[in-house]
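Enquirer:
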Amino acid sequence: MVETPTHDSQPTASACLHSLHQQVDSFIESASPQQLDALESFLGAKPVNTHLQDLYDLQQQVASFFLSAPSQQLDALRLFLTTQPVPMSKTTDIIVIPPADEVDIRLGHARRLQHIIREENEQDNWQFTASHLSAILVMPMDILSDVASSDRLLGFFHADIALQLAADLSYECKYLTSNPFFIWSYQPLLSGQIFEVNFDGKDSKEDAEKMKNMVDLQWALIVMVSIAGAADPPELDDSDDDDSNGGAMEVDPGTMYDDGKVQQVSTILAGESVGFPHNHDKWSREDNYESTSQDAGLPFIIDVWSLGTIPVMFAISLDHRKDLKDSWAEVEDRDGVRLSWNVLASTRMEASRLIVPISALLTPIKELNKPLLQYEPVVCKPPCRAVLNPFCNVDVRAKIWICPFCLQRNVLPRHYADISAENVPPEMHGMNTTVEYQLARPAPAPPIFMFVVDTCQEEESLQALKDTLVMSLSLLPPNTLVGLVTFGTNVAVHEIGYTECQKAYVFRGSKDYTAKQVQEMLGLAAAGLRPNIPPQQGRPPPPMGAASRFLLPVQQAEFQITNALEQMRKDPWPVANDRRPLRCTGVAVSVAVGLLETSFQNAGTRIMLFAGGPPTEGPGMVVGPELREPIRSHHDIDRDNVKYFKKALKFYDNLSKRTAHNGHIIDIFAGCLDQVGLLEMKGLANSTGGHIILTDSFTSSQFKQSYIRVFDKDDNDNLLMGFNASLEAITTKELKVTGLIGHAVSLNKKSSCVGETECGIGGTSSWKMCGIDPTSSYGIYFEVANQGGPTPMQQGPQKGMMQFLTYYQHSSGQYHLRVTTVARNLSGPAGDPALAQSFDQEAAAVLMARIAVFKAEVDDGPDVLRWVDRMLIRLCSKFADYRKDDPTSFRLDKNFTLYPQFMFHLRRSQFLQVFNNSPDETAFYRHVLNHEYVGDSLIMIQPTLDSYALDQDGGQPVLLDSASIQPQTVLLLDTFFQILIFHGETMAEWRKAGYQDQEGYENFKAVLDAPKEDARELVQDRFPLPRFIICDAGGSQARFLLSKLNPSTTHATSGGYGGVSQSAQTIFTDDVSLQTFMDHLMKLPFALAMPPKVDPNEVKIIHLRATGGEVGASATLAPKIGPLGLSPKKVGEDIAKATGDWKGLRVTVRLTIQNRQAAVSVVPSASSLVIRALKEPPRDRKKEKNIKHSKSIPLDEIIEIAKTMRAANKSLARELKGSVLEILGTAFSVGCQVDGRSPKDVSDDIKAGNIDIPDE
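Just so you know, we're using my numbering here: the sequence shown kicks off at 2 and counts up by one.
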């Protein structure tokens, strides 16, 4: 807690203020008239009002006395009270204003108050000044409990906030010497206690319940304002006598006054009419400052009321939510970071109750307007290696700094010898939480671009691609190395360094080549570039040797490279009408990776693949060459009816691991109406940070402009891309890293920052991204390590910190390090409202969408949707306000109101709904979502819709709802992937009639042109370039709009012909509307509000089918054991351990659950016992299907199996002989033999008596 400001000249008064205050209150309540006269006489030594009307005035005189009396007079008052003993009482009578759940004063907002005060003082009219603020009183609620029948209530806040407010104001305003602060602090009331509240002068339990729902009442904050001794009083406005109540200022006509009497004030604090004191006719309004903002929600208001020179109370209401949202946007602009929670849970239990995990969306190399630091960073000792930042404690005299992450003491380098409190390096400035260093280590080679071009295309498409590639050479830096690989039926590596003629090395398209074979065939094994040897300062780079035959600088060999591109021809291999071209995409990429792996390992390299169709030959093929064989669909994958999918997926995954290990990037540009195998190849781009561009043809402007934007440059003419990048996360002891979701691979770095759980790419604190650009974003997820709360002895709020270190090769040829340090306060005790107020619903929606997409890659679609619904319900159950059994009372705080809407649209989005999308399209959409930052990701989740009409100026945002479609409007839809302009029915008819081209209809033409201009601005910086669509109502392409709208009007909606209202657009769908979704959401939290208590003595038994020795999928276990409070992951591990002897066999498992602990046992079945008796080697059941069990089992083992089944009461036979016959029947169905004979023959011999079965 912040130290309480005190006054040096009054130590006695400050120390005894508590007891003195209680004594005065008790004296006034129970003293006789003679005693009150004596008190009045005593106070007469001070300049106070001599015409007291009632006890209230007397109390105000006492308050005035406290504020200005020296310590001697306070001692005299104490002596007076002790000579006039009266019974002690806690009754007091003060002006109070009711709070609301929208009202709060957070730490640090005192500075905002000062700023407003200073701004107002600069105006000509008299305003409230800091010199009027004379005292802050912090009082417990029990002091006010005896005035429940009064209409004088107060706003309630935590004591440490009041103390922080007092300390900040006293330090900043410098008026402690004239107006000392007295902090009246008592023990806080127990949470949940409450007293009845009276808003209208009548006892009302309903109002008390209302207050109880508003806020957890613990502390009362009273801000005293003394008008006496203030600066020049306001000049009175006598133009209106009705408003000049006793010399008051002219007031805002929006406030409520009548004949100079303050009757009711509609206050923003509670949204209720609040009565002021009974003697309100003596009150005048000295000042009113009110600044309203529709965007901010609640305004900021200061009401100052006075009775002559008597000090009174006023309330401060700060709606800081807009400020917080603005500050989060400022942090994103400054640091490239958005957090789901901007106050961190202090305990693991509290973090688990937040539902949305503590996570950050990081854009590591977001463009900054800060200078590049031209020196090496100062790092902490190993193993920490954190970088010096503004949150470090620095001893400028001893030149020592303490790392906030590991608390180690480090010595500053010698070149920091001149630092002082006024002269600190840039990385230690408070606002420089993100800095970038240019490291001394240069890159081993200039940027490398390898073009891998598909020649199995139509001549028109191939020619357009060649023209685009030739044009892009002019966009590359002069020292950039460029190579060319073409492929069709075979793969050709072009030796562009050979100038005599066109020369290429050809590889067979049906064969998989290792890196060593590629080296030998290209002649690179003996004389390749020595990797990882950087050029020396002032010397030319090391020779490339044999690699220079295939990769040449653009500046040196632009003619050869251009000639090689222009000489490309369509693949000459003949293609029958009923067959696809033979296309060996997998081999081509493998050869390109092998070539660069040999000579340019860990050098900045981009392999740019241009695919014109699906691979149909060699490793990595996704479909056969015959057209009658369709390419796989989502339905085929779900049914496991895919012939090439698993092999191709494994091939490309292994290739992507090799590429990422080398630090190289693979971009995929698809130009085909059919699928190109993007689902199988997505790992090539996802693991290396490459781009994926999906277009219909290489002739389209969408491909050309998207491809050109890859080579965008900054102000210094450097490419806006980074190479060979890596990211490391460092945290304080309160936090642990659970994983990352984005385009990266794990570096398997185990450190103290790694958490126990995993989310995404987990088990490490460092990742390799290879390719990175200013918009590349990564979701990083954390868990709280603290089992207990923050240490109470530490002064001030404790912080949790995280630092992100991004190393990458800049396109200029130097390595850079971007350091971003984030610090956030830890929450207070359980139920701290600061947690809810720090929720960033936009960042949280994007981070949860990434988790959902990550789950969708491995789990079934319905399971992912259920997970999204479950998380939303639990979040609303935790943070919504509602009354039991009353769904209409459901309310969400402003920080949460949009989150359910985001989840509604996420459920319907192309990221989770695969219907009507090909597997390639789904892979493309998910790839882009995992690349973009918050703003663009939200557009993908919930598109924006603007409306244009004749009666409005420009576009106006409208609801993403079918009701927004009107005949006389034009709509502009932005889904990020498409920009669509939709003309209403009437607008389309007018446009077709040509009114826009006629004189006098300029306004109609402007309405048609306005969305086009706005669309042009939207696509200006968009990557990849969205598809641009113009359509009319009733047109075929209007389906793109209808599929995104909330179906508030469907064929099932009542009203109009066929049950449909004629005034709104009808959407024929079975999807629920947003209103229906919200109605169900408001009902579901009630089912979770009071979970049943677990009986520790209750025993439950659950039977499951599992595969022996394997950990079952959590999605399969969770529905059955999740409601019992068990961890699916742990239970799956226990099952795998208990069934180790049954590896690969399907067995029945019994879970005996008691007090949230599960004991696992195997329930034997006849078939599993028979198959285990065969002693066959373990098989991979996913790879091997239709396994035949042809071995033989001795009859003795059959008898033992029968005894086991009888012992388990799983045999229906009366005798062992009958049980043996049952097992023989099972053996026959399995397909094995018994003693080398058919089980049927053995069974016949037993029945005939030829084989004797012994008794038990």
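Note that beta-carbon positions come from the ideal geometry of N, C-alpha and C, so glycine has one too.
Ignoring anything shorter than 3 residues, give me the beta strand (DSSP E) runs that lie fully in the region 820 to 906, in order along the chain.
Expert: Listed in chain order, they are 882 to 884 and 887 to 892.
Enquirer: Comparing alpha-carbon positions, which option in Thr364, Leu369 and Asn433 lies nearest Cys393?
Expert: The option with the nearest alpha carbon to Cys393 is Asn433.
Enquirer: Do Thr515 and Thr487 have their beta-carbon atoms positioned less than 8 Å apart in this structure?
Expert: no
Enquirer: Using three-state DSSP, classify Ala1119 as helix, strand or coil.
Expert: helix
Enquirer: Can you tell me whether DSSP reads Phe28 as helix, strand or coil?
Expert: helix
Enquirer: Quick one: grab the DSSP three-state call for Glu729.
Expert: strand
Enquirer: Using the Cβ count rule (16 or more neighbours within 10 Å means buried), how would you classify Leu355?
Expert: buried
Enquirer: Where Lys800 and Ser360 are concerned, what is the direct C-alpha to C-alpha distance, given to the nearest angstrom?
Expert: 15 Å
Enquirer: Among Thr976, Ile980, Asp954 and Ala950, which one has its Cα closest to the Cα of Ile966?
Expert: Closest by alpha carbon: Ala950.
Enquirer: May I ask you to verify whether the region 659 to 671 touches the region 763 to 783, counting CB pairs closer than 8 Å and requiring at least 3?
Expert: yes
Enquirer: Distance, Cα to Cα, Ile731 vs Val592?
Expert: 38 Å
Enquirer: Cutting at 8 Å between CB atoms, please list the residues of its own chain near Phe1005, excluding the five before and the five after it.
Expert: Leu951, Trp991, Tyr996 and Gln997
Enquirer: Counting only runs that start and end within the region 1189 to 1252, where is the beta strand (DSSP E) found for 3 or more residues in a row?
Expert: none
Enquirer: Would you tell me roughly how many angstroms separate the C-alpha atoms of Ile982 and Val935, rounded to the nearest one?
Expert: Distance between the alpha carbons of Ile982 and Val935 is about 24 Å.
Enquirer: Could you check if Asp975 is buried or exposed, using at least 16 other CB atoms within 10 Å of its CB as the buried criterion?
Expert: Asp975 is buried by the Cβ-count criterion.
Enquirer: Judging by CA-CA distance, which residue of Ile449, Val397, Arg442 and Met451 is the nearest neighbour of Met429?
Expert: Val397
Enquirer: So Leu939 packs on Glu1018, CB below 8 Å; how close in whole Å?
Expert: Contact flag wrong, Cβ pair sits at about 18 Å.
Enquirer: Look up Phe712 in the DSSP assignment and say whether it is helix, strand or coil.
Expert: coil
Enquirer: Identify whether Ala271 lies in helix, strand or coil by the three-state DSSP scheme.
Expert: Only weak support exists for where Ala271 lies, its pLDDT of 26 falling under 50; the coordinates are left without a value.
Enquirer: Using CA coordinates, which residue listed in Asp718, Ile694, Ala831 and Pro944 is at the minimum distance from Ser353?
Expert: Ala831
Enquirer: Whole angstroms are fine: how far does the CA of Met682 sit from the CA of Val738?
Expert: 29 Å
Enquirer: Can you give me the C-alpha to C-alpha distance between Phe157 and Gly337, rounded to a whole angstrom?
Expert: Unreliable positioning characterises Phe157 in this predicted model, as indicated by a pLDDT of 32, which lies under 50. The coordinate reading is nonetheless provided below. Their Cα atoms are separated by approximately 36 Å.
Enquirer: Just the Cα atoms here: how many angstroms apart are Gly1219 and Thr1153?
Expert: Each residue's Cα considered, the two are about 31 Å apart.
Enquirer: In chain order, what residues of the same chain lie with their CB nearer than 6 Å to the CB of Phe905, ignoring the 5 residues before and after it?
Expert: Excluding residues within five positions, the ones whose Cβ falls inside 6 Å are Leu1075 and Phe1078.
Enquirer: What residue does the beta strand (DSSP E) around Trp768 start on, and which one ends it?
Expert: Ser767 to Ile773
Enquirer: For the beta strand (DSSP E) containing Asn687, name the first residue and the last one.
Expert: For Asn687, no beta strand (DSSP E) encloses it; the enclosing alpha helix (DSSP H) starts and ends at Leu679 to Asn687.
Enquirer: Give me whichever residues DSSP pairs with Ile966 in a beta bridge.
Expert: Among the bridge pairs identified by DSSP, Ile966 is matched with none.
Enquirer: Evaluate Arg1207 with the Cβ neighbour count: other Cβ atoms within 10 Å of its Cβ, from every protein chain shown; 16 or more gives buried, anything less gives exposed.
Expert: buried
Enquirer: Within the same chain, show all residues whose beta-carbon is closer than 6 Å to that of Gln556, passing over the 5 residues directly before and after it, in chain order.
Expert: Pro479
Enquirer: How long is the line joining the alpha carbons of Val388 and Leu818, rounded to whole angstroms?
Expert: Rounded to whole angstroms, Val388 to Leu818 spans 10 Å at the Cα level.
Enquirer: Excluding sequence positions up to five away, which residues of its chain have a Cβ less than 6 Å from the Cβ of Leu695?
Expert: Excluding the 5 residues flanking it on each side, Leu695 has same chain C-beta neighbours closer than 6 Å at Ala671 and Phe925, in chain order.
Enquirer: Taking the alpha helix (DSSP H) that Trp402 falls in, what are its first and last residues?
Expert: Annotation for Trp402: no alpha helix (DSSP H) segment contains it, though the beta strand (DSSP E) segment containing it runs Ile401 to Ile403.
Enquirer: Here's the rule I'm using: 16 or more other beta-carbon atoms within 10 Å means buried, otherwise exposed. How should Pro1195 be labelled?
Expert: exposed
Enquirer: Pairing CB atoms from the region 1013 to 1033 with CB atoms from the region 684 to 703, are three or more of them under 8 Å?
Expert: yes
Enquirer: Should the region 502 to 521 be called in touch with the region 586 to 600, which here means at least 3 C-beta pairs below 8 Å?
Expert: yes
Enquirer: Is the region 774 to 786 close to the region 740 to 760, with three or more CB pairs under 8 Å?
Expert: yes
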